[in-house]
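First the structure, in the form of structure tokens, and then the observations on it.
Residue numbers (our numbering), protein chains in the order written: chain X, 1 to 376; chain E, 377 to 452.
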């Protein structure tokens, strides 16, 4: 099989990730609960993963790195923990439902939002679009670092500066970018939400919420933390405040191995490898009659390496099914991001998305092109 | 050998404190808190040589490690 659905989850995982998961399953006790040696060893394992993640994201205090079951949970924690009745939020026109569904639910509790239109490859106009959407009640800007459908990269550093200039919080959805593009807390982000199982090559069921200094969202889940148990109030210390319940030790161990893999390869080299493949694919598809492309040629300043398209006369799901029968795994449909499809006029049709990983080769892309041509 | 016991709120604080102290040349070990100190429960403690207690406390305070209790054990 040729796997080109890495924006959903990277596959295969590095062998070091599988080994770390297996080792943790075989040897683990419950971390942070007991004083026996296996429990302390498990706690040490979690702590080392926390410090690795903090270092990777430029966070100078590992206590502010929260392990979660995924980016969606991280976003829910940030959104529901930081917003109050009467608050207004500005989001991009490319947001995933992991942002939009929590916000939509909160509209029933007196919270409102405005969608800022993204102007592809024009950061000045995009920033201006966000500025115009801010009103007197705006509390927060939430923006995806890169569209999971179109790969369009948002100027999050400038949007963060804009937010802070207006006294607003800035939350980054780094689901697609972590491990492929630099996500640095030193840019002043108030919260970064990331998936552990995509560009960081960890196991599914892992995610991260990284909080800026002084940011202390209300909790959406409370419970046992192994600390201050006589007190029925949820602890205010980090990371305990946001990590109730037994942690996913094997997942966290795998995530650490994934982060180390990415660090060793180099985010910039991974990005360059994947972008070159996507640029090659784009240039080949652009010459084929019957192929509909929606975005400009992938420019590293404005794009993360993925490409979505359609084939005339075929639904996106039908095209993906035919590719699957040919042994090529891609994703079609709306990709849980209807806003992004509305922006490009594909809300009714969806699109076929190609997303490579560090393991994808030029031969894989040639094979894909071969089968696409057969469908024309 | 007399040991100082510095109680902290969580295992993360304990591990972070241990890492910082060791990086500054102070031997530090971690254990589950065995004494109930100041009415708290379920916590971890950093054990270190008693003669390093004052220096260690200053370091932990500087790095934002919240200490919730102190005691000593052992020695003659």
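Even for Gly, the Cβ is constructed at its ideal location relative to N, Cα and C. For clarity, every value in this text was computed on a predicted model and none was experimentally measured.
Q) Would you say residue 398 of chain E reaches chain C, if we count a Cβ-Cβ gap shorter than 9 angstroms as a contact? A) Chain labels in this structure do not include chain C; the protein chains are X and E.
Q. If we count the other Cβ atoms within 10 Å of its Cβ and call it buried at 16 or more, is residue 398 of chain E buried or exposed?
A. exposed
(Q) So, under 8 angstroms CB-CB, residue 347 of chain X and residue 341 of chain X are touching, yes? Tell me the CB distance rounded to an integer number of Å. (A) 4 angstroms
Q) Just the Cα atoms here: how many angstroms apart are residue 144 of chain X and residue 299 of chain X? A) 18 angstroms
**Q.** Between the CA atoms of residue 293 of chain X and residue 58 of chain X - distance to the nearest angstrom
**A.** 36 angstroms
Q.
Assuming the contact rule is C-beta atoms closer than 8 angstroms, residue 74 of chain X and residue 209 of chain X should be a hit. Round their C-beta distance to whole Å, please.
A. 4 angstroms
Q) Since residue 114 of chain X sits in a beta bridge, which residues does DSSP pair it with? A) X:90
Q.
Whether or not the segment 261–279 of chain X and the segment 25–37 of chain X are in contact is what I'm after, with contact meaning three or more pairs of Cβ atoms, one per stretch, closer than 8 angstroms; do they touch?
A. no
Q) Are any of the Cβ atoms in chain X nearer than 9 angstroms to that of residue 388 of chain E? A) yes
Q.
Do residue 227 of chain X and residue 248 of chain X count as a contact pair if the criterion is CB distance below 9 angstroms?
A. no
(Q) Do residue 116 of chain X and residue 126 of chain X count as a contact pair if the criterion is CB distance below 9 angstroms? (A) yes
Q.
Using a Cβ-Cβ cutoff of 9 angstroms, what residues of the segment 26–39 of chain X are near chain E? List them in chain order.
A. 31, 32, 33, 34, 35, 36 and 39
Q. Can you give the Cα-Cα distance for residue 375 of chain X and residue 319 of chain X, rounded to whole angstroms?
A. 8 angstroms
Q.
According to DSSP, simplified to helix, strand and coil, what is residue 97 of chain X?
A. helix
Q | CB-CB length for residue 70 of chain X against residue 207 of chain X, believed under 8 angstroms | A | 4 angstroms
Q: For the segment 28–44 of chain X and the segment 148–168 of chain X, state whether three or more C-beta atom pairs, one from each stretch, are separated by less than 8 angstroms.
A: no
**Q.** Span of the alpha helix (DSSP H) around residue 362 of chain X
**A.** 362–375
Q: Starting from residue 420 of chain E, follow the beta strand (DSSP E) in both directions and report where the run begins and ends.
A: 420–425
Q) According to the Cβ coordinates, are residue 155 of chain X and residue 135 of chain X closer than 9 angstroms? A) no
Q | Closest by C-alpha distance to residue 92 of chain X, when choosing among X:53, X:3, X:288 and X:128 | A | X:128
Q. Where do the N-terminal and C-terminal ends of the beta strand (DSSP E) with residue 152 of chain X fall, by residue?
A. No beta strand (DSSP E) holds residue 152 of chain X; DSSP gives it neither H nor E.
Q: Consult DSSP for residue 447 of chain E and reduce its assignment to one of helix, strand or coil.
A: strand
Q) Can you tell me the Cα-Cα spacing of residue 352 of chain X and residue 316 of chain X, whole angstroms? A) 5 angstroms
Q.
I'd like the list of long-range same chain contacts for residue 311 of chain X, defined as Cβ closer than 8 angstroms, with 5 residues on each side in sequence excluded.
A. 290, 291, 292, 319, 352, 372, 375 and 376
Q. Would a C-beta distance cut-off of 9 angstroms place residue 80 of chain X and residue 220 of chain X closer than the cut-off?
A. yes
(Q) Can you pull out the residues from the segment 47–71 of chain X whose beta carbon lies closer than 9 angstroms to at least one beta carbon of chain E? (A) 47, 48, 50, 51, 61, 62 and 63
Q: Within the segment 288–357 of chain X, note down every full beta strand (DSSP E) run reaching 3 residues or more, in order along the chain.
A: 291–293, 307–311 and 352–354
Q | Sequence-distant residues of the same chain with beta carbon closer than 7 angstroms to residue 322 of chain X, five excluded per side | A | 375
Q. How about the segment 388–398 of chain E and the segment 420–434 of chain E: do they share at least three Cβ pairs that are nearer than 8 angstroms?
A. yes
Q. Does residue 228 of chain X have its Cβ less than 9 angstroms from a Cβ in chain E?
A. yes
(Q) Which runs of the beta strand (DSSP E) at least 3 residues long sit entirely within the segment 189–272 of chain X? Give them in chain order. (A) 191–195 and 207–211
Q) Does residue 240 of chain X have its Cβ less than 9 angstroms from a Cβ in chain E? A) yes
Q.
Judging by CA-CA distance, which residue of X:53, X:166, X:257 and X:328 is the nearest neighbour of residue 18 of chain X?
A. X:257
(Q) Any beta carbon from chain X within less than 9 angstroms of residue 424 of chain E's own beta carbon? (A) no
Q: Compare the C-beta of residue 435 of chain E against all C-beta atoms of chain X and say whether one is closer than 9 angstroms.
A: no
Q) Which word fits residue 13 of chain X, buried or exposed, when buried means at least 16 other C-beta atoms lie within 10 angstroms of its C-beta? A) buried
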